[in-house]
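Peer 1: Sharing a structure, written as structure tokens. Questions coming.
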Amino acid sequence: MRLHYLFYAVFSILITACDLFEYSAHQITPDHDEKDVNLRNIDKILSLPSSDTLKIAFISDSQRFYDETESFVHHFNSVSEDFDFVIHGGDISDFGLAEEFLWINDILSKLDVPYLTVIGNHDVPVYGHRAYRKIFGPDNYSFTWNNHHFIFLNTNSLEYGFNGLIPDLEWLQKQISERQPSEKIILISHMGPESGEFDPKLAAGYRSILNSAGDNFLFALHGHSHEFKKGIYPKTNIPYWITTSMDDRAFTKIRIWEDGFDFKIIEF
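Under UniProt numbering, the residue at position 71 of the sequence shown is numbered 71, and the numbers go up by one with no gaps.
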């Protein structure tokens with residue numbers, strides 16, 4: 001009987017002190033400065049002065065590559081004057097755990113410039129989608145800076161069972177049609193329409209929407225493939241660029257100016 005009462009006494013103490021423990025791998029308890037990371041960093045970008053040339057570092061697929069991501073930050077900060085901001089192309093985590101997002105954010109928050117993310121397929125499972133939204137903000141969002149309209153889009157269709165809702169084509173069409181006519185468009189998503197994990201029922205409509213922007217659509221950026229690759233979406237004139245994963249200890253430097261753009265692979 002004494003053991004019986006002792007058990008309940010200990011259990012009661014643990015319940016009343018539950019805030020002291022991480023009782024679930026999926027618990028989402030970010031601090032105030034770990035919430036809405038993308039939205040807060042957009043504000044920082046919008047405060048930057050206009051420039052004739054935009055300079056962006058594009059990384060992706062940090063997953064469990066924490067040491068390599070720290071090495072990237074160390075290298076980047078030694079040359080940060082050559083960049084305006086950093087974009088992470090998704091798969092921030094490996095298992096969609098809140099702690100994984102928080103660990104990567106802790107590393108990337110040490111960058112000398114703001115950074116933005118798009119959600120990847122590894123960031124969605126179980127409570128990953130919920131954790132991403134709580135820590136980074138909406139999985140579909142956009143902003144305009146320096147006459148360039150940046151669109152961040154969730155394209156991880158397989159993780160939602162090809163339900164016909166991912167990517168959100170209605171939202172994407174609105175982003176294209178309601179922009180200022182002079183604005184150039186850059187789309188960032190974890191994977192493109194040629195991926196086997198992109199909903200095949202939506203691929204044609206997706207390409208058609210992007211095509212409707214004409215010459216004002218500059219290019220699309222992707223991660224996911226853990227390699228560097230460039231190409232043109234079939235049946236379009238839309239160029240895309242894929243950057244590699246952090247374990248390759250490399251990233252892409254993107255420069256955009258009035259009459260063009262280029263991509264350069266940087267090793268660290």
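Heads up, the beta-carbon is just placed ideally off N, CA and C, and yes, glycines get one too.
1. Please look up how many angstroms separate the CB atoms of residue 224 and residue 90, rounded, as I've assumed it's under 8 Å.
2. Who are the near neighbours of residue 100 in its chain, counting only those whose CB is closer than 6 Å to its CB and skipping five residues on each side?
3. Let me make sure I understand the geometry here. Which of 106, 48, 98, 37 has the alpha-carbon closest to that of residue 141?
4. Just to confirm, are residue 191 and residue 222 a CB contact at a threshold of 7 Å?
5. What residue ranges within the stretch 173 to 253 form continuous beta strand (DSSP E) runs of no fewer than 3 residues, ordered along the chain?
6. Use the C-beta contact count for residue 57: other C-beta atoms within 10 angstroms, 16 or more gives buried, fewer gives exposed.
7. Is residue 263 helix, strand or coil by DSSP?
8. Which complete beta strand (DSSP E) runs does the stretch 83 to 137 hold, if anything under 3 residues is left out?
9. List the residues that DSSP assigns as beta-bridge partners of residue 55.
10. Among 236, 144, 134, 255, which one has its Cα closest to the Cα of residue 43?
11. Indicate whether the contact test is met: 3 or more Cβ pairs, each with one atom in the stretch 167 to 179 and one in the stretch 124 to 131, closer than 8 Å.
12. Candidates 256, 238, 234: which alpha carbon is nearest residue 85's?
13. Who are the Cβ neighbours of residue 209 in its own chain at under 8 Å, not counting the five residues just before and after it?
Peer 2: Reading off the structure:
1. Here residue 224 refers to the residue found at position 224 of the sequence shown. Here residue 90 refers to the residue found at position 90 of the sequence shown. That belief holds up - the Cβ atoms of residue 224 and residue 90 are roughly 7 Å apart, short of 8 Å.
2. Translated into positions along the sequence shown, residue 100 becomes position 100. In its chain, beyond the 5 residues on either side, 93 have a beta carbon closer than 6 Å to the beta carbon of residue 100.
3. In the sequence shown, residue 141 corresponds to position 141, counting from 1. Per the Cα distances, 37.
4. In the sequence shown, residue 191 corresponds to position 191, counting from 1. In the sequence shown, residue 222 corresponds to position 222, counting from 1. Yes, they are a contact pair.
5. List check, beta strand (DSSP E) in window: 184 to 189, 217 to 222, 229 to 232, 239 to 242.
6. Here residue 57 corresponds to residue number 57 of the sequence shown, with the count starting at 1. Sixteen is the threshold: when 16 or more other Cβ atoms of the shown chains lie within 10 Å of the Cβ of residue 57, as they do, the residue is buried.
7. Locating residue 263 in the sequence shown gives position 263, where the first residue counts as 1. Looking at residue 263 - three-state DSSP - the assignment turns out to be strand.
8. The stretch 83 to 137 contains these whole beta strand (DSSP E) runs: 85 to 88, 115 to 117.
9. Translated into the one-based positions of the sequence shown, residue 55 becomes position 55. Here residue 55 is bridged, per DSSP, to 255.
10. In the sequence shown, counting from the first residue as 1, residue 43 sits at position 43. The candidate whose alpha carbon is nearest that of residue 43 is 144.
11. As far as the Cβ criterion goes, the stretch 167 to 179 does not touch the stretch 124 to 131, which means the pair count is below three.
12. What you label residue 85 is simply residue 85 of the sequence shown in a count that begins at 1. Residue 85 has its Cα closest to that of 256, out of 256, 238, 234.
13. Translated into positions along the sequence shown, residue 209 becomes position 209. Taking C-beta separations shorter than 8 Å and ignoring five residues to either side along the sequence, the partners of residue 209 in its chain run 169, 172, 173, 176, following chain order.
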